[in-house]
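Residue numbers (the working numbering): 236 to 507.
What follows is the structure, encoded as structure tokens:
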């Protein structure tokens, strides 16, 4: 029985590298059909959801949204009952990135491409696709790999490296006034466009410090990541509610709104 030809999407912001990858794939895997090539993370998510290819080649650093963040967004948006694509990340030679990929057994390709390395990647992806059965759920290993890579800080940094001990106060500007908000009073940190919302039981503040930079200075036992853009105080969690569609939300003591939990971080609430 002949299986249908697999499809792939390439997300790479350098046109020459994208063309080189498509050419090398045609040599190493003639049956693979590249159905789209895009140059940024937002387009990668949009096209992947529309075309649902079996394989994704995502550059780590792209305009607007990194390859890792695009993959994390896809995890949440991917339709239930559809096998999640095999992920291959593209990166320029960076020893730290390579070590992170190898530690998590994530497949990657170094730029510039090497035919021998690509053939090994193709063999791994082919084996993965052959081992899948129907509409298999998103493997927990894939979720764990993405969580670890996102936590490793491989996405482009936007602020200075943190110094000193754990964060004790948040400096939040309100016009000409700067409020010193004790971290002990904070219930939620939530990314919102160019800002991060800092929510206490009674107030909301906006700061420009990136969430990734804040996370490096916070106690992860106190603040749990529930979404790539949301941290909540663990001791403030009142309940976890799963909807009929399987979406998980949290209700916090002291806040009226509900907070969505990403598939990436839902495992920590299984006991609840």
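Glycine included, each C-beta is placed from N, C-alpha and C at the ideal position.
Note that the structure is a prediction, hence the values are computed from the model and not measured.
Straight-line spacing of the CA atoms in residue 311 and residue 476 works out to 17 Å. Inside the region 411 to 490, DSSP marks whole beta strand (DSSP E) runs of 3 or more residues at positions 412 to 417, 423 to 427, 430 to 434, 439 to 442, 458 to 462, 465 to 468, 472 to 477 and 483 to 487, from first to last along the chain.
By the beta-carbon neighbour count (other beta carbons within 10 angstroms, threshold 16), residue 300 is buried. Three or more beta-carbon pairs drawn from the region 492 to 506 and the region 457 to 474 are found closer than 8 Å, and the two stretches are therefore classed as touching. As the crow flies, the alpha-carbon of residue 282 is around 9 Å from that of residue 272. Here DSSP, grouped into helix, strand and coil, assigns residue 343 to strand. With contacts defined by Cβ atoms closer than 9 Å, residue 295 and residue 325 form a contacting pair. Spatial neighbours of residue 463 in its own chain (CB-CB distance under 6 Å, excluding positions within 5 residues in sequence) are listed in chain order as 307.
Contact between the region 311 to 320 and the region 341 to 348 is absent, with fewer than three C-beta pairs closer than 8 Å. In this structure, the CA atom of residue 471 is about 14 Å from the CA atom of residue 484. Secondary structure remark: continuous alpha helix (DSSP H) runs of at least 4 residues inside the region 251 to 296, in chain order: 276 to 286. DSSP places residue 380 in no beta strand (DSSP E) but in the uninterrupted alpha helix (DSSP H) bounded by 375 to 386. Residue range 493 to 496 is occupied by the beta strand (DSSP E) that includes residue 494. Checking the DSSP bridge columns, you'll see residue 349 has no partner listed. Counting every other CB atom within 10 Å of its CB across the protein chains shown gives residue 251 a total below 16, marking it as exposed. The criterion of a C-beta distance shorter than 9 Å is satisfied by residue 443 and residue 430. The bridge partners DSSP lists for residue 325 are 294 and 344.
The bridge partners DSSP lists for residue 404 are 417.
With contacts defined as CB atoms closer than 9 Å, residue 468 and residue 423 qualify as a contacting pair. CA-CA distance, residue 242 to residue 261, rounds to 12 Å.
In this chain, the alpha helix (DSSP H) harbouring residue 303 covers 302 to 312. Note that the C-beta distance between residue 357 and residue 267 is below 9 Å. The Cβ atoms of residue 482 and residue 496 sit closer than 9 Å to each other. DSSP places residue 240 outside both helix and strand once states are collapsed to three, so it counts as coil. Boundaries for residue 500: no alpha helix (DSSP H) harbours it, and the DSSP string shows neither H nor E there. Of the other Cβ atoms in all chains shown, 16 or more fall within 10 Å of the Cβ of residue 297; this residue is therefore buried. If you ignore the 5 residues before and after residue 263, its C-beta comes within less than 6 Å of the C-beta of 353, 354 and 357, all in its own chain and listed in chain order.
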